[in-house]
Each structure stands twice: as structure tokens, then as C-alpha cells.
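Read the structure below first, then the notes.
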Amino acid sequence: SHRDKFAGDLHLQDLLLIAQASQLRNEIPRYALEFFKNMFDLNLMIAEYHKPLVTLYNGEVLNAAASWCGLSIEYSGAYHHSVVQFDQTRYGFFPVAGQSFLLARLPFCVGNYLALTGEALASWLWAAIVQQLLCALWRLPSDSREI
1 SHRDKFAGDL HLQDLLLIAQ ASQLRNEIPR YALEFFKNMF DLNLMIAEYH
51 KPLVTLYNGE VLNAAASWCG LSIEYSGAYH HSVVQFDQTR YGFFPVAGQS
101 FLLARLPFCV GNYLALTGEA LASWLWAAIV QQLLCALWRL PSDSREI
């Protein structure tokens, strides 16, 4: 079934709340520090995971979630309706969750373009780009009876 959002990470509202709380208190709130610590710990665990890790894009996959799927490069896949987007720089936030690792290794400066513009890519195009350098991505058929 088609979902609007498969997974996301830090939303703009969350970032604004963290910024407001930081300005009021003159320090970064503890929940923000814990959030980023947990996110970076998860990045490290995914990158160093020694068993096969299967990830599947289903719907709109944004920022850190797209990076986590990309970091599990052995077995990644996407449905035909999936969309990948790295749009954190649109609101002044730096790439996290392995995005700089993933995007920097894409051919023909595509990673720079995606990071700077926040352009959304269809899953088939994303798979074709990433497959050249990082992994063998596969795309599931639109009808699950074909599997």
C-alpha cells in the first residue's frame, strides 16, 4: 500500500522548538542533546553492523531515514512509488546520519546537487545513481503478485 511518509527524522517544527529553547535558556536543551546522541549512535551501529541488514523504501523517505537505508548498502530496495529527498539544508540544517558520506560518493556531483537543492528523486532514479557506486539496489514490482 502507498504511504505518504515512510520515515523521517528531525522536522522543522522540532528544530524551531530546539532553537527557541536554546535562546531562552542560553544552553542547548537536554532533550536535543539526547536526540542527536541517539541519532549518531544509530548511524554508527548501522555503519558497523556485520550481519546483512535489509532496508526497503516505501513512500517518501527523507533525510536521515534515506541515509540509513543508503548506509545498509548490501541489501537496499525501493518500491516504484518511493521518493528520496535530502532537504535539511533548505532550512539551514547540516546533513546528518551519514548523508555527507553517502552523497559525497555519488557520481557526477549528484550528491552536491541533492544536498544543496533538496530535490526529490523517484526511487528508480535514486537506485540507478547509487547502484553505480555504492551497492546493488533492486526495485520491487508495482504488483506484489509478481514476486
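For the sequence shown, full-length UniProt numbering begins at 1 and goes up steadily by one.
Ideal placement from N, C-alpha and C gives every residue a C-beta, glycine not left out.
Bridge partners - residue i, DSSP secondary structure assignment
| i | result |
| --- | --- |
| V83 | E60 and A122 |
Cβ distance (whole Å) where residue i is taken to contact residue j below 8 angstroms
| i | j | result |
| --- | --- | --- |
| F86 | L103 | 7 angstroms |
Proximity of residue i and residue j at Cβ, strictly below 8 angstroms
| i | j | result |
| --- | --- | --- |
| M39 | A64 | yes |
| V61 | A122 | no |
| T89 | L116 | yes |
Exposure of residue i, with buried meaning 16 or more beta-carbon neighbours within 10 Å
| i | result |
| --- | --- |
| A19 | exposed |
| L33 | exposed |
| Y113 | exposed |
| Y31 | exposed |
| Y49 | exposed |
Same chain only: Cβ atoms within 7 angstroms of residue i, ignoring 5 sequence neighbours per side
| i | result |
| --- | --- |
| N26 | none |
| D41 | none |
Cβ-based neighbour list, residue i, same chain, cut-off 6 angstroms, excluding 5 preceding and 5 following
| i | result |
| --- | --- |
| G111 | L103 and A104 |
| S22 | I28 |
| F35 | none |
Contacting residues, own chain, Cβ-Cβ under 8 angstroms from residue i (five flanking each side not counted)
| i | result |
| --- | --- |
| E119 | Q85 and Y113 |
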